[in-house]
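Following: one structure in structure tokens, then a few remarks.
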Amino acid sequence: MIYFDNAATTKIFPEVLDHLKSWAEEFYANPNAVYSDGQKSRRSIDEARRYIASFLEVDEEEIIFTSCATESNNTIIRGIAESYPEKNEIIISPIEHKSVLNPVKYLARKGFKIKFLKVDKNGVVDLDDLKSKITEKTAFVGVIHVNNEIGVVQDIDSIGKICMDKDIIFFSDTVQSFCKFNIPSNLVDFYSVSGHKINAPKGIGFFKRRKDLDITPLLFGGGQEFGIRSGTENVLFIKALYETIKIWQKNKAQFVARLKNLKELFIKELKNIISEVHIVSENVETSPNIVTVIFPKIDAQTVIMALNSEGIAVSSGSACSSGTPTPSHVLLACGYSEEEALRAVRFSFGIENSEEEIFITVEKIRDIFSRLSVFY
Ligand SMILES: Cc1ncc(COP(=O)(O)O)c(C=O)c1O
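What follows is the structure in structure tokens.
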């Protein structure tokens, strides 16, 4: 299978996969135990935390390991809301991931007022609108760094400065930007990361917090992770995440250039065969590996199924529950019509993809369109 759905998840780096069994054997003991094997597991977690904290330029207590970004986002959002009950307004972008939107909607049902920021056709947040929406009642501002559907990059430095000037908490979902972009830790109070988007296993993540800000835990128990996230630590996957991040850090420039090259090649080749394709967020800064294409006439589900039958895996932002696809909330927020949104297909590239796979895919798209166009 040609796998072009790396924004959904990535394959584990072979260098990491090869070691999982031996690490599981080496770090089997509970890191909270006092005997020496327990302490060995503890040291493994400490080493990972030290490394991550150091390259993000934060204190070690500011890194909280969790099971995934959904858990991180829920902990941050609900944790801030509960810690500062006098603040009952939340400002977020309308193009957040569901793991941000849904806990915020939950808080809306509990009485919070939600203010959605204006975005333009490319998905870029309007900073003047942000300034005008902040009040002394704002609990936090939440803006996703790199959008998982359209890849648009937000200016989190400027957003962070606006929030800092007004003494408002700024939270960013940095799941799709982590390792590919720099995250200004001094300007973003809370941010979330997921292992499986950067070639580590699924089921591990962390968030960065600001240690002088309160956050009520979602999980109470044994008091692990500085009392913010109880539960026995996933020693094996913390080790795997740490080793994966080291690989990214060592090869960052080369990896990013490689992804960018694949994406640019794909767009160029695609436009050569179908001139009417529309590339979402084409004229603004986007992630090096995510591109959403609105194809002419043919709906996304048909294109995705046709590509699947050719052995090519891609996806769309539309949810398909009960058989009827619902258009992506991200594209609707950018001002696309429902009909356009239902024609949007996301291609997201990974480190192991090749130029040859791009040429094969574009060729298959050409075949699919010449076959299907007789019906449209
Ligand atoms: C931007 C973004 N935020 C959050 C998540 C949720 O991540 P996880 O699968 O680790 O819960 C995803 C993954 O789909 C994502 O792309």
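The numbering of the sequence shown is the working numbering, which starts it at 31 and goes up by one.
A virtual CB, placed ideally from N, CA and C, is assigned to each residue, including glycine.
#1: Rounded to whole angstroms, how far is the Cβ of glycine 153 from the Cβ of cysteine 364, which I believe are closer than 8 Å?
#2: Taking contact to mean at least 3 C-beta pairs separated by less than 8 Å, is the stretch 85–93 in contact with the stretch 209–229?
#3: Any idea what DSSP makes of threonine 246, helix, strand or coil?
#4: Report back the beta-carbon spacing between isoleucine 94 and phenylalanine 256 to the nearest angstrom; my notes put them in contact at under 8 Å.
#5: By DSSP, does phenylalanine 201 sit in helix, in strand, or in coil?
#6: Is there at least one non-hydrogen atom of ligand 1 closer than 7 Å to the beta-carbon of cysteine 209?
#7: Between glycine 190 and phenylalanine 200, what straight-line distance do the alpha-carbon atoms span, to the nearest angstrom?
#8: Are there any heavy atoms of ligand 1 lying less than 7 Å away from the beta-carbon of alanine 230, as far as the coordinates show?
#9: Flag this pair as yes or no: are the beta carbons of asparagine 383 and leucine 292 separated by less than 8 Å?
#10: Taking one C-beta from the stretch 172–179 and one from the stretch 118–126 each time, how about it: are there three or more such pairs within less than 8 Å?
#11: Return the CA-CA distance between aspartate 150 and asparagine 212, expressed in angstroms with no decimal places.
#12: Helix, strand or coil for lysine 282? Go by DSSP, reduced to three states.
#13: Alpha carbon to alpha carbon, how far is phenylalanine 379 from valine 183?
#14: Can you tell me the Cα-Cα spacing of isoleucine 388 and glutamate 166, whole angstroms?
#15: Which value, in whole angstroms, describes the spacing of the CA atoms of threonine 96 and arginine 79?
#16: Do you know offhand how far glutamate 385's Cα is from glutamate 92's?
#17: Does ligand 1 have even one heavy atom less than 7 Å from the beta-carbon of glutamine 206?
#18: DSSP beta-bridge partners for threonine 165?
#19: How about leucine 300 and valine 310: do their beta carbons lie closer than 8 Å?
#20: Tell me the DSSP bridge mates of threonine 316?
#21: Taking C-beta to C-beta, are alanine 336 and serine 346 nearer than 8 Å?
#22: When you compare the CB positions of lysine 196 and isoleucine 164, do they come within less than 8 Å of one another, or not?
#23: Between the alpha carbons of glycine 341 and proline 247, how many angstroms are there, rounded?
#24: Can we count isoleucine 275 as close to ligand 1, meaning its CB is less than 7 Å from some heavy atom?
#25: Using DSSP bridges, identify the partner residues of threonine 274.
#26: Going by the beta-carbon positions, is the gap between aspartate 242 and serine 222 smaller than 8 Å?
#27: Nearest by alpha-carbon distance to tyrosine 136: which of Val155, Ile107 and Lys282 is it?
#28: At a threshold of 7 Å, does alanine 111 count as lining ligand 1 (C-beta to nearest heavy atom)?
#29: As a quick exercise: from Phe57, Glu126, Val314 and Glu294, pick the residue whose alpha carbon is nearest that of arginine 72.
#30: Alpha carbon to alpha carbon, how far is leucine 147 from valine 134? Give it in angstroms, no decimals.
#31: How would you write the range of the alpha helix (DSSP H) that arginine 401 sits in, first residue to last?
#32: Measuring CB to CB, does glutamate 370 end up less than 8 Å from isoleucine 303?
#33: Identify which residue in Ile275, Val314 and Ile328 has its Cα closest to the Cα of phenylalanine 236.
#34: For tyrosine 136, report the span of its beta strand (DSSP E) as first-last.
#35: What is the DSSP secondary structure of valine 46, reduced to helix, strand or coil?
#36: Taking the beta strand (DSSP E) that valine 375 belongs to, which residues open and close that run?
Straight from the coordinates:
#1: 5 Å
#2: Output reads yes: the stretch 209–229 touches the stretch 85–93.
#3: It is coil, neither helix nor strand.
#4: 7 Å
#5: strand
#6: No, since every heavy atom of ligand 1 falls outside the 7 Å radius drawn around the Cβ of cysteine 209.
#7: 6 Å
#8: no
#9: Yes. Within cutoff.
#10: The stretch 172–179 vs the stretch 118–126: in contact.
#11: 24 Å
#12: helix
#13: Answer to the nearest angstrom: the Cα atoms are 17 Å apart.
#14: 50 Å
#15: 12 Å
#16: 40 Å
#17: yes
#18: Per DSSP, none; premise fails for threonine 165.
#19: Against a cut-off of 8 Å, the Cβ pair of valine 310 and leucine 300 comes out as no contact.
#20: Val182
#21: Between alanine 336 and serine 346, the CB-CB gap reaches or exceeds 8 Å.
#22: The Cβ-Cβ distance between lysine 196 and isoleucine 164 falls below 8 Å.
#23: Their backbone Cα atoms lie some 44 Å apart in a straight line.
#24: no
#25: Bridge partners of threonine 274: none, in fact.
#26: no
#27: Ile107
#28: no
#29: Comparing Cα positions, the closest option is Phe57.
#30: 14 Å
#31: Note, arginine 401: alpha helix (DSSP H), 385–402.
#32: no
#33: Ile275
#34: No beta strand (DSSP E) holds tyrosine 136; the alpha helix (DSSP H) holding it covers 128–139.
#35: helix
#36: Where valine 375 is concerned, the enclosing beta strand (DSSP E) stretches over 374–378.
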